[in-house]
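The sequence shown runs 1 to 548 under UniProt numbering.
Worksheet: one structure, shown below.
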Amino acid sequence: MALTTLLCAAALTASALGWTTPPTATVLNGTYQGVNADTFNQQFFLGMPFAQQPVGDLRLRAPLSLNTSWTGTRDASNYSAICPGFPTSAGGPNDDTGYELSEACLTINVIRPNTVTDSSSTAVLAYIYGGGYSMGGSADHRYNGSWIVQRSMEMGTPIIFASFNYRVTAFGFLGGQEVHDAGLENLGLLDQRLALHWLQENIAAFGGDPTKVTIFGESAGAMSIANHLTAYGGRDDKLFRAAGMESGSPTTENYPSIAQLEPMYQGILSRAGCANATDGLSCLRGVSYDTFRMATNGTGPWQPVIDGNYIPYSPTELLKEGKLVKVPLLIGANTDEGTSFTLGKGINTTEQLAAGLLKGYPMLSNASIAQIINLYPNVPAEGCPYNTGDGLLPTGYLDKVAASIGGDIVMVGPRRFLAQMASYYAPVYSYRFNQLPINYTMESGVGHFSEVCYVFSNPQMTQNPLGNRPRDITLANLMTSMWVSFAHGLDPNNNFVAGAPYWPSYADGPKNMVFQLTGLGASSFVEDDTWRSEGIAFINTLGPELQH
């Protein structure tokens with residue numbers, strides 16, 4: 001794939017004209033040649049395999065470490081293809097649109113300041129993208145880490161940015177009885193785990209310190225990190241020293257059972273021509289890429305499962321028992337997450353509200369449903385999207401209530417629960433993102449994914465643009481600086497931003513940093529994390545019912 005960012009394109013131009021000698025790095029398997037971005041004082045090493053590619057007989061198997069070495073240099077100047085995925089309803093543009101797709105996608109990227117050498121000991125920030133486990137890739141323009149690295153250099157606290165691909169949809173999260181019996185669930189999470197092992201073994205070759213790796217991600221990326229925190233019952237393999245989680249927590253997941261996944265698995269077998277095979281997985285490995293991919297088209301949703309191993313049992317119980325990797329955390333959610341995770345639209349009666357709850361969470365008891373509805377009364381001024389007054393959404397009389405409940409179940413409640421549990425063991429910095437983006441609507445509010453362009457300080461015109469309003473650029477600078485400060489020194493407060501509010505640890509009292517900078521001058525501040533306390537507290541008691 002051609003480089004997909006302006007920064008990388010500039011680097012290629014400089015290299016092609018011979019302005020500088022391309023950088024090299026020698027990892028365990030051989031030497032890579034990257035590219036210089038002289039204008040930005042950075043160097044890129046892109047598309048480096050961290051595993052044997054999961055093609056042919058390695059499809060639908062746990063990832064394997066590289067088993068070859070080479071002499072000379074290999075090119076690392078371009079992002080690889082991203083792992084193939086389909087959105088849950090496979091129609092129209094999605095995160096994969098415009099990118100090359102291939103099963104040979106398990107690659108990693110490193111962006112470093114050009115002052116860093118293999119003798120440096122630089123902190124590392126490794127990003128795991130979201131996309132509902134059904135799409136996404138590290139080549140996505142929105143996840144360009146160059147602006148984060150640039151800000152770290154300006155602060156005098158340089159960091160290295162890393163990102164990598166992992167398998168999604170059925171390629172990475174196939175489920176069913178045969179898959180379970182073979183121990184081949186959660187392959188996408190195992191891909192991520194192997195990439196983190198690769199960093200431990202190789203990041204020093206790029207000037208990174210393997211003991212100073214912070215992982216961060218958004219949505220499914222944050223949920224993935226949640227699963228790494230509790231993996232194998234909280235076993236600490238020293239793969240990271242801190243974690244940042246934007247809109248995703250251990251109890252966010254809705255873990256499907258084998259029985260729930262079996263019909264989807266049988267449907268894929270049938271469409272792939274494997275319905276009568278004695279070994280369905282072997283048959284699926286033997287069909288063409290196009291046949292397998294089309295057999296999964298329109299299926300889903302895709303997500304991790306409780307496999308009794310990597311995810312041994314309910315993450316709610318794991319957190320209660322303190323079975324998590326005990327490292328500093330930076331976690332948060334957006335004010336109006338519920339506009340993306342509503343119980344439904346066109347809801348006008350409490351009966352429809354109850355039906356929406358039961359459809360999304362079939363293990364909920366009637367008593368639990370009744371209590372949730374009781375704790376979320378229809379008061380439009382207190383509904384989601386918040387801060388919109390007494391107005392109702394035109395789609396339904398109770399749609400604000402449905403969005404409030406949905407957002408608190410999926411994102412806000414789990415974030416609060418994680419902050420409460422994890423802060424017993426290590427510092428936790430919790431936030432609420434409250435900035436209306438340039439392309440918002442009343443119906444979306446400060447919705448899911450809104451914060452990503454601010455964290456990356458990414459000015460590129462994507463479908464989620466930062467834009468050119470001075471207040472957005474100023475807020476982005478604050479957020480990027482705090483994320484860099486956390487990755488560099490495990491504390492977001494060493495951010496070199498004049499007038500920045502102090503971000504207290506959650507253990508000092510349940511508080512959130514509220515990120516905002518409005519046109520009327522209202523700036524970021526610290527709030528008590530006590531709003532909607534009764535409803536969220538009750539939701540957080542329902543782990544087994546909500547997680548199946």
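Every residue, glycine too, gets a C-beta built ideally from N, C-alpha and C.
These numbers come from a predicted model, not from an experiment.
Quiz item: In chain order, which beta strand (DSSP E) runs of at least 3 residues are fully inside the segment 440-522?
Solution: 511-515
Quiz item: Looking at the unbroken beta strand (DSSP E) that takes in Q43, where does it start and where does it end?
Solution: Working through the sequence shown from its first residue, we reach residue 43 at position 43. Unbroken beta strand (DSSP E) run through Q43: 42-49.
Practice problem: Rounded to whole angstroms, what's the CA-CA distance from D488 to A243? Just pull it up for me. | Solution: For the purposes of this step, residue 488 is taken as residue 488 along the sequence shown, with counting starting at 1. For the purposes of this step, residue 243 is taken as residue 243 along the sequence shown, with counting starting at 1. Residue identity differs from the one stated: residue 488 is His in this sequence, not Asp. Cα-Cα distance, rounded: 12 Å.
Quiz item: What residue does the beta strand (DSSP E) around A126 start on, and which one ends it?
Solution: Here residue 126 is taken as the residue at index 126 of the sequence shown, counted from 1. First-last of the beta strand (DSSP E) with A126: 122-128.
Exercise. Kindly indicate which three-state DSSP category L329 falls into: helix, strand or coil?
Key: Here residue 329 refers to the residue found at position 329 of the sequence shown. Three-state result, L329: strand.
Quiz prompt | Whole-angstrom distance between G298 and M135, CA atom to CA atom | solution = Taking the sequence shown and counting its residues from 1, one reaches residue 135 at position 135. Taking the sequence shown and counting its residues from 1, one reaches residue 298 at position 298. It is roughly 13 Å from the alpha-carbon of M135 to the alpha-carbon of G298.
Exercise. Using three-state DSSP, classify F161 as helix, strand or coil.
Key: Taking the sequence shown and counting its residues from 1, one reaches residue 161 at position 161. Residue state, collapsed to three classes: strand.
Quiz item: What residue range is occupied by the uninterrupted beta strand (DSSP E) comprising G208?
Solution: Position 208 of the sequence shown, counted from the start, is the residue given in the question as residue 208. Going by DSSP, G208 is part of the beta strand (DSSP E) stretching over 208-218.
Quiz item: Taking buried to mean at least 16 other C-beta atoms within 10 Å of its own C-beta, is S249 buried or exposed?
Solution: Taking the first residue of the sequence shown as position 1, residue 249 is located at position 249. The residue is buried, with at least 16 neighbouring Cβ atoms inside 10 Å.
Quiz item: According to DSSP, which residues form a beta bridge with residue 560?
Solution: Since the first residue shown for the chain is 1 and the last is 548, residue 560 is missing from the structure and cannot be characterised.
Quiz item: Which residue from D191, F206, E100, L184 puts its Cα closest to that of I111?
Solution: Residue mapping note: residue 111 aligns to position 111 of the sequence shown, counting from 1. Considering only alpha carbons, the answer is F206.
Exercise. Can you have a look at N434 and say buried or exposed, based on whether 16 or more other CB atoms are within 10 angstroms of its CB?
Key: Your numbering for residue 434 matches position 434 in the sequence shown. Counting Cβ neighbours within 10 Å, N434 comes out buried, since at least 16 surround it.
Quiz item: Can at least three beta-carbon pairs, one atom from the segment 442-455 and one from the segment 526-542, be found at a separation below 8 Å?
Solution: no
Exercise. Ignore the nearest five residues each way along the sequence and tell me which others in A275's own chain have a CB closer than 7 Å to its CB.
Key: In the sequence shown, the residue the question calls residue 275 occupies position 275. Counting only Cβ-Cβ distances below 7 Å, and skipping sequence neighbours, we find L269.
Practice problem: Please check the pair V27 and N202, which I expect to be a contact at CB under 8 Å, by giving their CB distance rounded to whole angstroms. | Solution: As a position in the sequence shown, residue 27 is number 27, starting the count at 1. As a position in the sequence shown, residue 202 is number 202, starting the count at 1. Confirmed, Cβ separation roughly 4 Å.
Quiz item: Based on the DSSP secondary-structure assignment, which residues constitute the bridge partners of L392?
Solution: Here residue 392 refers to the residue found at position 392 of the sequence shown. BP columns for L392 are empty, so no partner.
Quiz item: If you run the structure through DSSP and keep just helix, strand and coil, what is E201?
Solution: Here residue 201 refers to the residue found at position 201 of the sequence shown. DSSP places E201 in helix when its eight states are reduced to three.
Quiz prompt | Same chain only: Cβ atoms within 6 Å of G383, ignoring 5 sequence neighbours per side | solution = Along the sequence shown, read from residue 1 onward, the residue named residue 383 stands at position 383. So the list reads K400, V401, S404, once near-sequence residues are dropped.
Practice problem: Count the other C-beta atoms from every protein chain shown that fall within 10 angstroms of the C-beta of S119, then say buried if there are 16 or more, exposed otherwise. | Solution: As a working mapping, residue 119 is identified with position 119 in the sequence shown. S119 is exposed by the Cβ-count criterion.
Self-check item: Where the beta strand (DSSP E) through T26 begins and ends
Solution: Position 26 of the sequence shown, counting from 1, holds the residue named residue 26. Residues 24-27.
Quiz item: Mind checking W70: buried by the 16 CB within 10 Å criterion, or exposed?
Solution: As a first step, residue 70 is located in the sequence shown; it is residue number 70 there, counting from the start. It is exposed - the Cβ of W70 has fewer than 16 other Cβ atoms within 10 Å.
Quiz item: If we count the other Cβ atoms within 10 Å of its Cβ and call it buried at 16 or more, is G543 buried or exposed?
Solution: Position 543 of the sequence shown, counting from 1, holds the residue named residue 543. Buried.
Quiz item: With a cut-off of 8 Å, do at least 3 Cβ pairs link the segment 173-181 to the segment 208-219?
Solution: no
Exercise. In the DSSP assignment, find the unbroken beta strand (DSSP E) run with R432 in it and report its ends.
Key: Counting from one through the sequence shown, the residue named residue 432 turns up at place 432. For R432, the enclosing beta strand (DSSP E) begins and ends at 428-433.
Self-check item: Supposed close pair L329, A426 - CB separation, criterion 8 Å
Solution: Residue numbering aside, residue 329 sits at position 329 when the sequence shown is read from its first letter. Residue numbering aside, residue 426 sits at position 426 when the sequence shown is read from its first letter. Right, the Cβ-Cβ distance comes to about 7 Å (below 8 Å), so this counts as a contact.
Quiz item: Within the chosen definition, does the segment 135-151 reach the segment 450-464 through at least 3 CB pairs nearer than 8 Å?
Solution: yes
Practice problem: Run the CB neighbour count on G72, radius 10 Å, all protein chains shown included, and call it buried at 16 or more, exposed below. | Solution: The residue you call residue 72 lines up with position 72 of the sequence shown. It is exposed - the Cβ of G72 has fewer than 16 other Cβ atoms within 10 Å.
Quiz item: Where does F525 fall in DSSP's three states?
Solution: As a working mapping, residue 525 is identified with position 525 in the sequence shown. Strand, per DSSP.
Practice problem: Compute the distance between the beta-carbons of Y506 and S423, then report whether it is under 8 Å. | Solution: Looking up residue 506 in the sequence shown gives position 506. Looking up residue 423 in the sequence shown gives position 423. For Y506 and S423, yes; Cβs fall inside 8 Å.
Quiz item: In chain order, what residues of the same chain lie with their CB nearer than 6 Å to the CB of T31, ignoring the 5 residues before and after it?
Solution: What you label residue 31 is simply residue 31 of the sequence shown in a count that begins at 1. Excluding residues within five positions, the ones whose Cβ falls inside 6 Å are T24, T73.
Quiz item: Nearest-angstrom Cα distance between D336 and V452?
Solution: Stepping through the sequence shown from its first residue, residue 336 is reached at position 336. Stepping through the sequence shown from its first residue, residue 452 is reached at position 452. Distance between the alpha carbons of D336 and V452 is about 14 Å.
Practice problem: For the beta strand (DSSP E) containing A243, list its first residue and its last residue. | Solution: The count along the sequence shown starts at 1 and reaches residue 243 at position 243. First-last of the beta strand (DSSP E) with A243: 242-246.
Quiz item: In whole angstroms, what is the alpha-carbon distance linking R416 and L392?
Solution: Against the sequence shown, residue 416 aligns to sequence position 416. Against the sequence shown, residue 392 aligns to sequence position 392. The straight-line gap from Cα to Cα measures roughly 27 Å.
Self-check item: residue 552: first and last residue of the uninterrupted beta strand (DSSP E) it sits in
Solution: It is not possible to answer for residue 552, since the shown part of the chain is limited to 1 through 548.
Self-check item: Nearest-angstrom Cα separation, counted from S288 out to N29
Solution: One-based indexing of the sequence shown puts residue 29 at position 29. One-based indexing of the sequence shown puts residue 288 at position 288. Distance between the alpha carbons of N29 and S288 is about 30 Å.
Self-check item: Spatial distance of N378 from G332 (CA atoms)
Solution: Taking the first residue of the sequence shown as position 1, residue 378 is located at position 378. Taking the first residue of the sequence shown as position 1, residue 332 is located at position 332. Cα to Cα, the separation comes out at about 26 Å.
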